[in-house]
Each structure stands twice: as structure tokens, then as C-alpha cells.
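Q:
2 protein chains.
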Amino acid sequence: MVQIPKTPAPPSPAPSRSVPTSADVARLAGVSRATVSYVLNNTSAVRISEPTRRRVHEAAKELGYVPHAAARSLRAGHSRMVLIPAPTFPVGPLYSRFLTDLQNALAALDYTVVQHGTGGPHGDEAARAWAELRPVAVLVPGSGLGPRGVAVLKRSGARVVVTLGPETIEGAHALLMDHDVVGHSAGAHLYDRGRRRIGVVVPQEPGLETFSAPRLDGVRQSVRGTDATVTELPLAYDEQAAARLAARWRSLGLDAVFTYNDEYAMLLMRALLDEGIRVPEETAVVGADDLMLGRLMRPRLSTVRLELPCGRELAELVDRAVRKPATEPETHKMLGATVLHRESS
Amino acid sequence: MVQIPKTPAPPSPAPSRSVPTSADVARLAGVSRATVSYVLNNTSAVRISEPTRRRVHEAAKELGYVPHAAARSLRAGHSRMVLIPAPTFPVGPLYSRFLTDLQNALAALDYTVVQHGTGGPHGDEAARAWAELRPVAVLVPGSGLGPRGVAVLKRSGARVVVTLGPETIEGAHALLMDHDVVGHSAGAHLYDRGRRRIGVVVPQEPGLETFSAPRLDGVRQSVRGTDATVTELPLAYDEQAAARLAARWRSLGLDAVFTYNDEYAMLLMRALLDEGIRVPEETAVVGADDLMLGRLMRPRLSTVRLELPCGRELAELVDRAVRKPATEPETHKMLGATVLHRESS
DNA sequence: TTGAAAGCGGTACCAG
DNA sequence: CTGGTACCGCTTTCAA
Chain A
1 MVQIPKTPAP
11 PSPAPSRSVP
21 TSADVARLAG
31 VSRATVSYVL
41 NNTSAVRISE
51 PTRRRVHEAA
61 KELGYVPHAA
71 ARSLRAGHSR
81 MVLIPAPTFP
91 VGPLYSRFLT
101 DLQNALAALD
111 YTVVQHGTGG
121 PHGDEAARAW
131 AELRPVAVLV
141 PGSGLGPRGV
151 AVLKRSGARV
161 VVTLGPETIE
171 GAHALLMDHD
181 VVGHSAGAHL
191 YDRGRRRIGV
201 VVPQEPGLET
211 FSAPRLDGVR
221 QSVRGTDATV
231 TELPLAYDEQ
241 AAARLAARWR
251 SLGLDAVFTY
261 NDEYAMLLMR
271 ALLDEGIRVP
281 EETAVVGADD
291 LMLGRLMRPR
301 LSTVRLELPC
311 GRELAELVDR
321 AVRKPATEPE
331 THKMLGATVL
341 HRESS
Chain B
1 MVQIPKTPAP
11 PSPAPSRSVP
21 TSADVARLAG
31 VSRATVSYVL
41 NNTSAVRISE
51 PTRRRVHEAA
61 KELGYVPHAA
71 ARSLRAGHSR
81 MVLIPAPTFP
91 VGPLYSRFLT
101 DLQNALAALD
111 YTVVQHGTGG
121 PHGDEAARAW
131 AELRPVAVLV
141 PGSGLGPRGV
151 AVLKRSGARV
161 VVTLGPETIE
171 GAHALLMDHD
181 VVGHSAGAHL
191 YDRGRRRIGV
201 VVPQEPGLET
211 FSAPRLDGVR
221 QSVRGTDATV
231 TELPLAYDEQ
241 AAARLAARWR
251 SLGLDAVFTY
261 NDEYAMLLMR
271 ALLDEGIRVP
281 EETAVVGADD
291 LMLGRLMRPR
301 LSTVRLELPC
311 GRELAELVDR
321 AVRKPATEPE
331 THKMLGATVL
341 HRESS
């Protein structure tokens, strides 16, 4: 039976140039849109005859039909999109791997993971832009999202908001990734090795305060109530700055330094060595993040290895929360830290 | 005037828990949905009285109304979403900065940038998942997208497909980011400095072939027709592997090595030095990507600095192509490379 | 200046 | 087993 289009002569001159819809597939297969939907979604509540299924599949393939996610989620009233704001600063291999793991784990649970490039600084206004996409879950690394932002997301249908930062936010699940454990480990390690005048490098680069402040704080905590002192050392990520700091090193009277991460450690350690300061005899140096390259320094760099939650764990937490949103926001302390003692401390 | 809901008693028991729509705003403001749309979009073709505008804005704010992007783009027939597949491997600070720049530039042109976490390896099936989102443009770094994938995207409404890779793909704009210029620069530099037996490190890590193969090829090209030889040196990113390679270094009889990038350079250089091989006297070492840390090595690491296109340029190209899709796919050679000669070569 | 109504592409009821 | 149809939330004519 030949299908006759309902509209006798559609004004569109070149139908080939437009995007195929399920109606086009239905027309070509000689069935209704409903049937197309049933077939392509393998709807179990409905049995479609094998010949029909084949015709639909063939028509879909021939037209290069791809379903329209927006239309689908509009109708469904919800999506399976997990939204993660894209980081605005260069991110280390650690976080990179974590993100890839997480994406794969979520993809395995049939979520669509999307990193949204935010215009302004991650803030409550950014939350509005995210909310427009009606994600089912939002994972926000770092701080910067306030209770208002969380509220906006929740009001627009997000069933889960998870913050991966140093603090708990009202209304959101929190994966407390408080970097203070890093500083704490480093501080304790240095104290145990007899160091008492501890410097802590704080990067000048913007966007890193989120991590550097808690790390500094962790060192402070670790020596609280002892006779050890903690000195904050602002440092920009370039050789001259490091050289300047090294030049006045002896006047600072420090016997140890925790450098925020391995990159700053390598930068500073090189400058110290060039200045004739012996490591670790005169000054112990501890970095963080366990970069491969730290092992190449002489002396080999001691470092604090951060243990991020594995992607699958987090993915399952998200999935659980999506399915049973009644649960109160949970707070988990997710971060572990281990000192890898090598030669520089 | 009190508004009376059209439906006498809607079955929804808790309307407070559902997402506010423009209809809710209209109801609260005592106007029609059309008016709400006009006000919130500042539609210039229609003049709305000031009191009405205020009422609408207040209602929207009170309800915490956020427009539904899917519904909007469904109605409009197009979106302003630019889709970029998320990289699946740890990415350097260089590319990281490039991406951030690009995102900002596109955001300034009022596009929504979204990185899509692909399940499988970037391929033509992944293109289907991207196409479901109906992005107006797709930027694909690396290779892995074939002509079929491009066709799928185009058929589902993408007005621009740009590949940022080593090769041109049928139907897509190509920003030829052929990393061969990196290898070429390094090879030429080494040849100029009298080196004739050149090794090239090729990382064993998966996902890096996209870059390593062209870089190797570039070195080959640079010495074609001369008496110089090029030797491929597979290397995993760990200390033992580097030590093993260094142990048999003298038997290889090489007087120079280009190491893919600075990280591998540092790894290998350390191993060579530990083996007692003098750099650069016996063997010259050149890395790539100009990492800060390379400067800290002794001898300071020579490197090839890659010049990525600036984000704004690319954003404008995309914007132009979106607005005038009639244009033939263009092919641009976007990559420059400069040798930074320091002490290791 | 404002409102009614027709869709955009899919899904899921209910009837046949 | 399949077709008709009423939506999902929003924009945009066309009338009033």
C-alpha cells in the first residue's frame, strides 16, 4: 500500500536537506510513529511483529535517523544527563584520571556525562546556566557553589547535587574532599623527622586557593599544640620567583618546607640547591601528588600521595541518590593521603 | 483580578515539588504564557508595558523559574550548543589552556560549550551519541572520526564539524594540527647541530599514537635525503623502562634523541645521566611542549614549543561557518613550532 | 498591548 | 499487534 503524505504539496523545496524525524522513518516504513518508537526503543510492554521491526530498522538506517534527545527528555520529564562544570584551570593527571574513570563508570550506568564550560566564575549564576539543561545530577568540584545555587538546581529538577570540595553546602550531598589531610600528612611527617620550623608554599596562581588553603591549614593543624612553627610562603610558578625565595632562604630560618605539590617542590628544590642549600640536611622538602618526575630529582622527592575516591564508587553513589532522592544529603570524607618518603626529607 | 485555574482540581497533590514552567510564571503574574516569553526574552518586535514586565520578572524570580533549554531548542529547531568530545587521556597544560580559551571565546559569542564524555573510543558510533544532542557545531580533537561520523553529524543538523587532527576528513572543516611540524623542527635542529644518528622516543601509552606518530614522521621528513638515520625507540612512562633503554644506549650508537615531549625527555635524560652518558656531548636530547620543569633539569632541556591557534580565532571560524554553512570545508594549517635551544642539545 | 493556538520530535496511553 | 492522539515546555504567528 502506497503511503500518501497528509499534506499534498509541502512548501519545503528540498526535504533531503532537513533532519529526518521519526515521522519520516514511519512514512518510509509504512507504519505509524508510535510503532517506530516501540521498535527503536525495544519497548517490552508491546510486541511488534518481526517483519515490521525489520522494515522500521531498515528505514531508520536508510535515512540515517538519530533520535532527538531534547524531544525525548521533554516528553519523559527527565533526562539522564550528569552535568559537571569544566575545570577552568590546568588540571593534573590525577584529577584527569579520576574524571575519566567517573565518566566511564557513569556511562556504564547509562548516564550521559557532560562537562559544561561555564562563562563566569563558578557561582550561583552559573548554576542557572546548568539548570537550563535540566540535568538529573550535578557534580561540582571545588568550592564556589553556594546554597542558593544548589537550590536553583534542585528547583529545576536536579535530583542530586554533589559537591566535591572542602566544605559542606546546605542541601547538597558532599563528598568532602578536604585537602587538609594532605597538609596534615606532610606536617606530621616533617614533625616526626624532627623538623620544627616548617615553611608552606602557597601558589600565587589564581584558582588554586581552593586546594592550597586547606593544604596549608592541614599543616597548621598537624603541629597545633607543639613547639613547631608554620610559615606561609607565597610563590609564583616561575624560576625567578623561586630564585628570589631561595636567596632569602637562610634568613627565614626554616628547616623544612611543604610545597603544595610536586611541581612547586621541584621548582623550589632546584632553586635551593642552586643556592647551595643542602636537601634534606639543611631543609627537608616534601611535595604532593606523586608525579613521576619527582622521582627523577636528586635527591628523590618525598611526596604525599592523594587517594581520590574511585570513579565507580562515586558513580554508584550518584545512581543510588538519583533513584531514591528522599535520602538526606550525605557527607563523606573521601580523601586519604599517604606520605611517600624518599630522599628529600 | 484573581486568576482562576482552568483545571478545577488538578490531581497533582504537591505542586510545590514540581519544576516551575513559564505557565506557572504566567499564572502568578496574571498574564499569558506568550507575554512571559516576550518579557523574559526581551523580544524587540513586541512592546510590553512596564508594569507588566515588572510583574513577570517578579513572578519569575519568586518561583525560581529557569527556562527549559530542551523545549526552547526543540521549538526553535536549532540550538547554540558546541559539542567537544572530552579527552580520554591526561592532557597537558597546553591543551588545557587552549580549551579554556576556546570555551571563553565561544561563550562570548553566546554559544554553550559542552564536553561530552564518550563511552567507547572516539569513533563513528560515538558520533551518534553526539548527534542526539543536536549540537550546532562539533569540534573533534585528534583523529578517530571518519567520514561516516561526519555524515551522521551533518545529517542531524550540525552546521559545522571541525576536526583538529593530523588529517583532513571528507565533509568536515579541518584545522590541520599536524604534529609533524614538531618532529620536523626537532629533527632539523639536531641535524643543524651536526647530529646524524637520531633516536625518536615513541610512548607506549595508548591514546598517544595520534600525536606520537606524526611527531616521529616529522623527524623522518626533516632528514629525508640526507645521510642521517632515524631510529624508533618505544618507551613506557616509568623509571625501569627508561633505565633499561639507557643500559643499552651505547649499543644503539645514537648521538641524539627526540623524546616526544618534555616528560619523556626528563625521564630518559635522567636515566642516561645515571648511566654515565654525557648530555649533550655524547647524546643530545630534545623534548617538546616547553614545560616549566624542563628548565630545572641540568643540563637545561632543549624543547620544541608548539604554537596552538588562539581560542578566539577558532571560535570566530566556527561562528562564521555556523552562520554561512554554504562555505566549502576549509583546511587550515594551524600549528607552528619553535625550537627553544637550551643546554641539552 | 495582550491572548489563543499551532506546532517542534517523541512517548505512552487507549482503542481498534 | 498497530494506529490515533494527547501531551512535555516553549516560541511565534495571528487576532482581538
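Chain order of the listed sequences is A and B.
Counting in the UniProt record's numbering, the first sequence runs from 1 upward without gaps.
Counting in the UniProt record's numbering, the second sequence runs from 1 upward without gaps.
Glycine included, C-beta positions come from ideal geometry on N, C-alpha and C.
Everything numeric in this text was worked out from a predicted model, so none of it was measured.
1. Leaving out five residues on either side along the sequence, give the residues of the same chain with a beta carbon under 7 Å from the beta carbon of leucine 216(A).
2. Given phenylalanine 211(A), which residues of its chain have a CB within under 7 Å of its CB, disregarding the five upstream and five downstream residues?
3. Tell me which same chain residues have a C-beta within less than 6 Å of the C-beta of alanine 105(B), skipping the five on either side of it?
4. How far does the alpha helix (DSSP H) with valine 87(B) in it extend, from its first residue to its last?
5. Run through the DSSP bridge pairs and tell me what valine 201(B) is partnered with.
6. List the endpoints of the continuous beta strand (DSSP E) containing alanine 243(B).
7. Quick one: does serine 22(B) have its CB under 8 Å from some CB of chain A?
8. Kindly indicate if chain B contains any beta-carbon less than 8 Å away from that of leucine 74(A).
9. Tell me, which residues are paired with phenylalanine 258(A) by DSSP?
10. Where are the beta strand (DSSP E) runs, 3 residues long or more, that stay fully inside the segment 105-153 of chain A, in chain order?
11. With a 10 Å radius around its C-beta and 16 neighbouring C-beta atoms as the bar for buried, classify asparagine 261(A) as buried or exposed.
12. Check the Cβ of valine 66(B) against every Cβ in chain A and list those closer than 8 Å, keeping chain order.
13. Give the interface partners of tyrosine 237(A) over in chain B, defined as CB-CB distance under 9 Å, in chain order.
14. Using a Cβ-Cβ distance cut-off of 8 Å, determine whether proline 93(B) contacts chain A.
15. In terms of residue numbering, what span does the beta strand (DSSP E) encompassing alanine 174(A) cover?
16. From the DSSP output, in three-state form, read off methionine 81(B) for me.
17. Measuring CA to CA, which of Leu175(B), Tyr191(B) and Gly287(B) is closest to leucine 335(B)?
18. Counting only the same chain and skipping the five closest in sequence on each side, list residues whose C-beta sits under 6 Å from that of phenylalanine 89(B).
19. Give me the residue from Pro20(A), Arg300(A) and Thr52(A) with the minimum Cα distance to serine 32(A).
20. For serine 251(A) versus serine 302(A), is the C-beta spacing smaller than 8 Å?
21. I need the boundaries of the beta strand (DSSP E) containing residue 346(A), first residue and last residue.
22. Which one or two residues does DSSP pair with histidine 332(B) in a beta bridge?
23. Shorter than 8 Å from the beta carbon of glycine 117(A) to some beta carbon of chain B?
24. Any Cβ of chain A within less than 8 Å of the Cβ of glutamine 221(B)?
25. Under 8 Å, with one C-beta from each stretch per pair, do the segment 58-78 of chain A and the segment 149-160 of chain B reach the 3-pair mark?
26. Could you list the residues in the segment 46-60 of chain A with a C-beta less than 8 Å from some C-beta on chain B, going in chain order?
27. Contact criterion: CB-CB distance below 8 Å. Does glutamate 170(A) meet it with respect to chain B?
28. At a cut of 8 Å, does the segment 137-154 of chain B reach the segment 283-297 of chain B through at least three beta carbon pairs?
29. If you measure from the beta carbon of serine 302(A) to each beta carbon in chain B, is any gap under 8 Å?
30. Name the chain A residues whose beta carbon is nearer than 7 Å to that of serine 96(B)?
31. Run the CB neighbour count on glycine 144(A), radius 10 Å, all protein chains shown included, and call it buried at 16 or more, exposed below.
32. Where does leucine 291(A) sit, in a helix, a strand or coil, going by DSSP?
33. If I measure Cβ to Cβ from serine 16(B) and keep anything under 7 Å in the same chain, skipping five residues before and after, which residues do I get?
34. Please report the straight-line C-alpha distance between arginine 80(B) and glycine 117(A), rounded to a whole angstrom.
35. Would you kindly report the start and end of the unbroken beta strand (DSSP E) that includes leucine 216(A)?
36. Give me, in chain order, the residues of the same chain whose beta-carbon lies closer than 6 Å to that of alanine 242(B); leave out the 5 immediate sequence neighbours on both sides.
A: Per the coordinate set shown:
1. Gly183, Val200, Val202 and Glu232
2. His179
3. Gly311, Arg312 and Ala315
4. The identity of residue 87(B) in the sequence shown is proline, whereas the question assumes valine. Per DSSP, proline 87(B) belongs to no alpha helix (DSSP H) and is neither H nor E.
5. Leu233(B)
6. In the DSSP annotation of this structure, alanine 243(B) is not part of any beta strand (DSSP E); the continuous alpha helix (DSSP H) holding it starts and ends at 239-247.
7. Residue-level contact by beta carbon fails for serine 22(B) and chain A, as no gap is shorter than 8 Å.
8. yes
9. Within the DSSP secondary-structure output, phenylalanine 258(A) pairs in a beta bridge with Val200(A) and Val286(A).
10. 112-116 and 137-141
11. buried
12. Arg128, Ala131, Glu132, Val152, Arg155 and Ser156
13. Met292
14. yes
15. 173-176
16. strand
17. Checked all of Leu175(B), Tyr191(B) and Gly287(B); the closest Cα to leucine 335(B) is Leu175(B).
18. Gly207
19. Thr52(A)
20. no
21. Residue 346(A) falls outside the range modelled here, since chain A spans only 1 to 345, and no answer is possible.
22. Leu175(B)
23. yes
24. no
25. yes
26. none
27. Residue contact check for glutamate 170(A) against chain B: no CB pair falls below 8 Å.
28. Under the 8 Å Cβ criterion, the segment 137-154 of chain B does not count as touching the segment 283-297 of chain B, having fewer than three qualifying pairs.
29. no
30. For serine 96(B), the neighbours in chain A by C-beta distance under 7 Å run, in chain order, Pro90 and Val91.
31. Glycine 144(A) is classed as buried because its beta carbon has at least 16 other beta carbons within 10 Å across all chains shown.
32. coil
33. Residue placement at serine 16(B) is poorly supported in this model, since its pLDDT is 45, which falls under 50; the coordinates are not used for a value here.
34. Distance between the alpha carbons of arginine 80(B) and glycine 117(A) is about 13 Å.
35. Premise fails: leucine 216(A) lies in the alpha helix (DSSP H), 209-223, not in any beta strand (DSSP E).
36. Leu267, Leu268 and Ala271
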